[in-house]
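Residue numbering for the first sequence follows my numbering, beginning at 1459 and increasing consecutively.
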Amino acid sequence: MDELMAQRVAKLDTLRAAGVDPYPPRSTRTHTAADVTAIVEAFAEGSDHAGGVEVDVAGRVVARRDMGKATFIDLLDGSGRIQVLLRQNALGGHWYESLRLVDLGDFVGVHGVPMKTRTGQPTVGATSWTMLAKALHAPPEKYHGLADVEARQRHRYLDLMANEETRRVFTTRSRVVSAIRRFLDARGFLEVETAVLQEEPGGAAARPFKTYFNALDEERFLRISLELHLKRLVVGGFERVYELGRIFRNEGLSTKHNPEFTMLELYQAYADYYDIARLVEEMVSTVAHEALGSMVFNFRGDEIDLTPPWRRITLHDALREHGGLELDEFPTEAALRVELRRRGLPAIPETGGWGKLVDTAMSHYVEPRLIQPTFLLDYPVELSPLAKRKPGNPRLVERFEAFIGGFEAGNAYTELNDPIDQRSRFDEQLKLRNAGDDEVEMLDEDFMFALEHGMPPTGGLGIGIDRLLMILTEQPSIRDVILFPQLKSLKE
RNA sequence: GGGCCGCUAGCUCAAUUGGCAGAGCAAGUGACUCUUAAUCACUAGGUUGUAGGUUCGAGUCCUACGCGGCUCACCA
């Protein structure tokens, strides 16, 4: 035990020896910090007190200014900060003296009267105080806060207690998620919960996490998307469903990727991808307005305006506009590969077909330039085995991805509901897999059985909530919007 | 996984060419009854991420490892 902790334990023992429980089971709080501030601000003009009102406040001691026979303490509670003035002749000598047992980081309760100091600051003039919970470690530095990125992520509680900005990000996250629910609930969507542990992880091309189900003596996978289960529900007759849930992909970490992340997926019967595009821009802008009161955000140095309508451009046109690449001139995998090599693109995939190469070109030329919210429309069929083909052009599907701030934030299609085509698409995926592409969509027989019973024309959507939050809270890394991001363990 | 950068007191940061490891906050003692990054005086606090190596001498140079950040690859 280090010296600082030993000092605090000694104070704790002193309290106990005096018959004081340093961890009492409850407090008698009657007012929050914000309540007291409101009371003081309602004082009559020229008055510095409210006749007869007494309050009990409680919170963590975040600053302390010792003035001899008077001490100022700043308490932080869930509503904010409030200053407390403890004076010897208001508390009595014994209780003032025992203030020396109060350290930064302790939780204390204070009984007193709302008042203004000479400078007009709302303050509780204390008549008594109580220890509510003794802290055995010093909190992070009071002025600079906690800066070390690793410490902030490993010990998020320290980040939250030290950094106002962190508290803002995560209260915003909560408000955004509840605004999304309100938006969808108001439009007749039914919120559902589907299986996290799955026999066959489908709905996306990603490596899954594996786990083991002891009772059944079978392997299970953590879900990599919500799609196939939600579509089963549309088959079952739920016309508008959504799920806000955690999904898991056994892949790398980056400023845009965390292995577990929160996805919103929704499915709307009798809608197509154009309907979904309108829904997305309306939902995101409404949620931004409700949760943050603004539709304009500063993200990585760019000003991003979420006001609808968002730009719509086909992938085909975007490649011409941003890359000078005319896809029609390179209609085969071989021709496109030669062209991309000639252009010197990095990381050209060896497997995966024409669609994968189009995706590579898109990532290189288009994606980084889509700073303002943009719907990129009509993708190669090979990349989208669950989306409906575009009438008149069977190489493309009715799909868009929504880009904001230079990365993908959403993905939507007119859902494929032709079970014959769906089965052949799974077959195509299997061929790609056999050709060496290990991240493809896997056949799910029960899903096929569902489709074979008939699914109405349906529009579907997936939005990465964490990425959306990055924009809305103006945070450059996904780890800044996830309370407990995945980190390597400390081996000792 | 590759490349680059970082790791010094509980926290935030210094340390010149390889030459006695420092400061602020926090802590302890004392002064101070309207302060608010309170102020003032004094005190204590270190296996410089870990393990080796070079050197008379290593926070500093070399090697390996650990953790983190950025970036590339993969992915949403």
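Cβ coordinates follow ideal geometry from the N, Cα and C atoms, glycine included.
Inter-residue spacing [alpha-carbon to alpha-carbon] between residue i and residue j
| i | j | result |
| --- | --- | --- |
| R1847 | Y1732 | 14 Å |
| G1703 | L1684 | 8 Å |
| I1762 | L1711 | 25 Å |
| G1517 | E1723 | 39 Å |
| S1632 | L1604 | 23 Å |
| A1729 | F1647 | 13 Å |
| L1737 | G1917 | 10 Å |
| V1511 | V1566 | 20 Å |
| A1819 | R1770 | 19 Å |
| E1651 | L1803 | 42 Å |
| D1591 | R1626 | According to the sequence shown, residue 1591 is Ala rather than Asp. One C-alpha to the other measures close to 25 Å. |
| E1499 | G1536 | 19 Å |
| I1682 | L1618 | 30 Å |
| G1668 | G1759 | One detail in the question is off: residue 1668 reads as Lys in this sequence, not Gly. One C-alpha to the other measures close to 39 Å. |
| P1864 | R1778 | The sequence shown places Gly at residue 1864, not Pro. Taking the straight line joining both Cα atoms gives about 18 Å. |
| F1501 | T1575 | 13 Å |
| E1784 | G1813 | 15 Å |
| V1582 | R1523 | 15 Å |
| G1694 | R1487 | 51 Å |
| L1854 | E1886 | 15 Å |
| V1478 | T1495 | 30 Å |
| Y1601 | R1800 | 55 Å |
| V1839 | L1828 | 22 Å |
| G1660 | R1678 | 12 Å |
| G1578 | E1623 | 26 Å |
| V1953 | L1533 | The structure shown does not extend to residue 1953, since the chain is modelled only from 1459 through 1950, so no value can be given for it. |
| L1680 | N1672 | 15 Å |
| D1904 | L1655 | 15 Å |
Residue closest to residue i, alpha-carbon to alpha-carbon, out of the options
| i | options | result |
| --- | --- | --- |
| P1572 | F1565, P1580 and A1516 | P1580 |
| D1924 | Q1656, K1689 and I1705 | I1705 |
| I1531 | W1587, E1461 and S1505 | W1587 |
| Q1944 | P1717, R1665, V1566 and R1645 | P1717 |
| W1768 | K1668, G1509 and F1858 | F1858 |
| Q1546 | E1512, R1523 and T1585 | T1585 |
| E1658 | H1687, T1630, R1625 and A1673 | H1687 |
| L1844 | S1821, K1814, V1816 and R1883 | R1883 |
| E1856 | L1834, R1891, G1894 and E1461 | L1834 |
| G1415 | P1826, A1521 and V1513 | Past the edges of the chain, shown from 1459 to 1950, lies residue 1415, and the structure says nothing about it. |
| Y1823 | L1854, H1774 and P1831 | H1774 |
| S1752 | D1895, T1630 and G1578 | T1630 |
| K1946 | R1612, Q1541 and A1476 | R1612 |
| R1639 | M1721, Y1601, R1707 and R1665 | M1721 |
| L1888 | T1872, L1642, G1811 and A1860 | G1811 |
| I1921 | Y1700, R1799 and E1825 | Y1700 |
| A1476 | H1552, I1497, L1533 and M1525 | H1552 |
| G1538 | A1637, G1578 and A1491 | A1491 |
| P1831 | L1534, H1747, R1698 and V1754 | V1754 |
| M1900 | S1842, F1861 and A1468 | S1842 |
| N1851 | L1544, Y1554 and Y1837 | Y1837 |
heavy atom of the ligand MG below 8 Å from residue i C-beta
| i | result |
| --- | --- |
| L1783 | Only the bare structure without any ligand can be found here, which leaves the ligand MG out of the picture. |
Chain-order list of residues whose beta-carbon lies under 8 Å from that of residue i (same chain, five-residue window excluded)
| i | result |
| --- | --- |
| N1756 | I1762 and E1932 |
| A1792 | none |
| T1448 | Residue 1448 lies beyond the residue range present for the chain, which begins at 1459 and ends at 1950; the question has no answer from this structure. |
| H1595 | L1462, M1463, R1466 and G1563 |
| E1950 | Note that E1950 has pLDDT 45, beneath the 50 cutoff, so the model's placement of it is unreliable and the number below is only indicative. Around E1950: no qualifying Cβ. |
| E1709 | A1664, R1665, H1715 and P1717 |
Close Cβ partners of residue i (< 6 Å) along its chain, the five nearest in sequence each way excluded
| i | result |
| --- | --- |
| P1598 | L1604, L1616 and A1620 |
| F1719 | D1924 |
| V1692 | Y1725, A1727, M1913 and T1916 |
| H1489 | V1513 and V1515 |
| E1866 | E1859 |
| L1642 | Y1700 |
7 Å CB neighbourhood of residue i in its chain, flanking five on each side removed
| i | result |
| --- | --- |
| V1634 | V1745, A1749, L1927 and L1930 |
| T1713 | P1934, S1935 and I1936 |
| P1766 | E1739, E1740 and S1743 |
| I1940 | N1716 and D1924 |
| R1891 | V1898 |
| F1696 | L1648 |
| R1881 | M1906 |
| N1869 | E1859 and G1920 |
Between the stretch 1481-1496 and the stretch 1552-1560, do three or more beta carbon pairs fall short of 8 Å? Flag = no, the stretch 1481-1496 and the stretch 1552-1560 do not touch.
Indicate whether the contact test is met: 3 or more Cβ pairs, each with one atom in the stretch 1902-1922 and one in the stretch 1859-1877, closer than 8 Å. Here the stretch 1902-1922 lies against the stretch 1859-1877, with 3 or more beta-carbon pairs under 8 Å apart.
Mind pulling the beta strand (DSSP E) runs of 3 or more residues that sit fully within the stretch 1467-1525? For the stretch 1467-1525, the full-length beta strand (DSSP E) segments reaching 3 residues or more read 1513-1524 along the chain.
Can you give, in chain order, each stretch of the beta strand (DSSP E) that sits fully within the stretch 1630-1701 and has at least 3 residues? The stretch 1630-1701 contains these whole beta strand (DSSP E) runs: 1668-1671 and 1676-1680.
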